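Notes for the one structure printed next.
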Amino acid sequence: MATTSKQYKAIGEDLWKSRTDKINSELFALTYGALVVQLIQDYEDYAEVNKQLEKMGYNIGTRLIEDFLARSSLGRCSDFREVGEVVAKVGFKSFLNITPTVTHSGPPPPSSRPTSTAQQSGVPGSSFILTLDENPLAEFVELPDEALEGGLWFSNVLCGVLRGALEMVQMQVQVEFLSDVLRGDESTEIRVALLKYLEEEVPVGDD
Amino acid sequence: MQVAPATALSVLADPPVRMVDSAVMDYLLIEVVNALRVSSAVASARAKKIECDMVEAGLVLPAPAPPTKQQNPRDSASNTSSKVSGSGDEDEGVRSRLEAIGMHVGGNFAERLCRDRPLFSDSLDVIKFVCKDLWVSCWDKQVDNLRTNHRGVYVLQDNAFKPIARISSWEGRQEALKRAKLYVVLPAGIIRGALSRIGFHGTVVPEITTLPQCTFQIKLPKNT
């Protein structure tokens, strides 16, 4: 009995409502914005800033996933498509109170397996695109021309968060921004592509 | 859109407060400190390199032992807002950046909070605003104790200051205390920024003696 999209939405809503500890998203946006400005001043290189934001996000993601799993008590996702649904409808909703829309796409070579088969549609190469119609990080933000030319992805921390969180549940993914309204594009899109499943291993130096 | 005009307008005039989960903010702040540590090291390394280059090029005399002496000819390309001044204490760089971020946040956020408020009558009124409205919006409670000497110095005490309430270190309480001192710089900046945006330019010094209790000593200039 696969959990439907509506059920995930409901789960997300419940999680959001059950959280008692919330802060004003403006505080969050202001802090993040000031941080990005400071990083730009320190590194003076937009590609490096993108990298640092992603790294920050990775560290945040590795912790966030534990919080998420503890709160939501959702089981393992059966395939990558489900991962996309859970991330968009439950993950983003319970932390940022936004629900991006998900567009799935399977791996490039046509597969004869129907997507309803449990284990098989998590084939490396599958991906999904999250379209954020509102971005709490970018609330008061306008990018100057040099940032646009330099290729800054303002909300790149989100990519890192997704990468870190999914790595902790044994999925190696590549996450990148495709477009951003701050850059003048029509929508803000993040693509998450599955590279491979990771084997459980003892962390280095942990024994 | 099937919304009646009245509702749409009122939403525009008084937009609902958007919230995010506070765990996200906590994780972000943890990483902010780490990221700033790295970036301030990069920035100061760059400043030092420029300094070395200029010394080699003969443009500037090699710095005497306290490097704060030479400043003017060195038009440092790196951010001049970095108050590191080669002191070698990397914490100084992180601290000043954290305070700068705090001031930005505090100033802008205070503007939003003061939107429907009447004018502040005096500095005590402003401090009370900080103790109640600002504290509640940022940290979900009010200040526990306010003391003043009625001559521009105010001491705000919070017995369970939210940003440091859950700090712990596997190296023990002393280590946790040391780290907490870095994490309160941003809130101190928020307070300072808020006061500054309202028009009271003073200093805010945070102090922690025992976790999670924290005091902020605010010094406001006499009679703005």
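Just so you know, the sequences run in chain order V and U. Using the working numbering, read the first sequence as starting at 239 and increasing by one per residue. Using the working numbering, read the second sequence as starting at 2 and increasing by one per residue. Where a beta carbon is used, it is the ideal one built from N, C-alpha and C, also for glycine. If you're wondering where the values come from, they're calculated on a predicted model, not measured in any experiment.
Considering only their Cβ atoms, is the gap separating residue j from residue i smaller than 9 angstroms?
| i | j | result |
| --- | --- | --- |
| U/K223 | U/G153 | yes |
| V/L291 | V/V395 | yes |
| U/G103 | U/A189 | yes |
| U/S40 | V/L381 | no |
| V/F333 | U/V25 | yes |
| V/F330 | V/G271 | no |
| V/T426 | U/L29 | no |
| V/L265 | U/S170 | no |
| V/L273 | U/A36 | yes |
| V/G398 | V/N297 | yes |
Could you name the residues of the same chain whose beta carbon sits closer than 7 angstroms to that of residue i, not counting the 5 residues immediately before and after it, in chain order?
| i | result |
| --- | --- |
| V/E323 | S243, Y246, V340 |
| U/V56 | P63 |
| U/G89 | With a pLDDT of 40 at U/G89, under the threshold of 50, the predicted position of this residue should be treated as unreliable, though the coordinate-derived value follows. Once the five neighbours on either side are set aside, U/G89 has no close Cβ partner at all. |
Taking only the alpha-carbon atoms, compute the straight-line gap between residue i and residue j and give it to the nearest angstrom.
| i | j | result |
| --- | --- | --- |
| V/E372 | V/E437 | 35 angstroms |
| V/S365 | V/V325 | 13 angstroms |
| U/L196 | U/N160 | 22 angstroms |
| U/P119 | U/V131 | 15 angstroms |
| V/P362 | V/H342 | 13 angstroms |
| U/L10 | U/P16 | 10 angstroms |
| V/G295 | V/S263 | 18 angstroms |
| U/E208 | U/I199 | 24 angstroms |
| V/Q357 | U/D145 | Below a pLDDT of 50, predicted positions are generally treated as unreliable, and V/Q357, at 41, falls in that range; the measurement from the model is reported next regardless. Looking at the two C-alpha atoms, the distance is approximately 56 angstroms. |
| V/R401 | V/I428 | 12 angstroms |
| U/K133 | V/L390 | 38 angstroms |
| U/L60 | U/A46 | 19 angstroms |
| V/E282 | U/H151 | 46 angstroms |
| U/V18 | U/V106 | 17 angstroms |
| U/A14 | U/D117 | 12 angstroms |
| U/G173 | U/K179 | 10 angstroms |
| V/I336 | V/I261 | 14 angstroms |
| U/F121 | V/E424 | 43 angstroms |
| V/V229 | U/T149 | For chain V, the structure presents residues 239 to 445; residue 229 of chain V sits outside this window and is missing. |
| V/L370 | U/H202 | 40 angstroms |
| V/G313 | V/L416 | 30 angstroms |
| U/S82 | V/V328 | Only weak support is given to the placement of U/S82: the predicted model assigns it a pLDDT of 40, under 50, and the value that follows is read from those uncertain coordinates. In a straight line, the C-alpha of U/S82 is about 41 angstroms away from that of V/V328. |
| V/G344 | V/R309 | 30 angstroms |
Ordered along the chain, which non-local residues of its own chain (more than five positions away) have a Cβ less than 6 angstroms from that of residue i?
| i | result |
| --- | --- |
| U/I168 | A177, A181 |
| U/V205 | A189, I192, R193, F217, I219 |
| V/V321 | C315 |
Based on Cα-Cα distance, which residue from the options lies nearest to residue i?
| i | options | result |
| --- | --- | --- |
| V/S256 | V/S263, V/T300, V/A248 | V/A248 |
| U/V186 | U/E52, U/V12, U/F217 | U/F217 |
| V/L420 | V/S393, V/C397, V/G329 | V/S393 |
| U/A111 | U/I165, U/I191, U/R96 | U/I191 |
| V/R319 | V/D259, V/L368, V/A285 | V/L368 |
| V/C315 | V/M409, V/E439, V/G422, V/T300 | V/M409 |
| V/P374 | U/G203, U/D92, U/V21 | U/V21 |
| V/D280 | U/V95, U/A14, U/C139, U/T210 | U/V95 |
| U/Q143 | U/L99, U/L157, U/S23 | U/L157 |
| U/R38 | U/Y184, U/D126, U/F121 | U/Y184 |
| U/A1 | U/R98, U/Q214, U/T149, U/V18 | This structure cannot speak to residue 1 of chain U, because chain U is shown only from 2 to 225. |
| V/V275 | V/V413, V/G313, V/E424, V/V379 | V/V379 |
| U/D126 | U/C139, U/W140, U/L147 | U/L147 |
| V/D252 | V/I261, V/S311, V/E286 | V/S311 |
| U/L135 | U/N109, U/C53, U/I31 | U/N109 |
| V/E384 | V/S417, V/P345, V/E414, V/Y284 | V/Y284 |
With a threshold of 8 angstroms (Cβ to nearest heavy atom), would residue i be considered close to the ligand HEM?
| i | result |
| --- | --- |
| V/Q279 | Absent from the structure shown: the ligand HEM. Ligands present: none. |
Once you ignore the five residues that flank residue i on each side, which residues in its own chain have a CB closer than 8 angstroms to its CB?
| i | result |
| --- | --- |
| V/M406 | G299, T300, I303, E304 |
| U/I165 | A181, Y184, V185, I209, L212, P213, C215 |
| V/V411 | L400, R401, L404, E405, V430, A431, L432, L433 |
What are the complete beta strand (DSSP E) segments, minimum 3 residues, inside the region 119-185 of chain U?
-> Under the rule that a run must span 3 or more residues, the beta strand (DSSP E) segments found entirely inside the region 119-185 of chain U read 146-149, 154-159.
Which runs of the beta strand (DSSP E), 3 residues or longer, sit entirely within the region 369-420 of chain V?
-> 409-417
Could you tell me which uninterrupted beta strand (DSSP E) segments, each at least 3 residues in length, are contained entirely in the region 258-299 of chain V, listed from first to last along the chain?
-> 260-262
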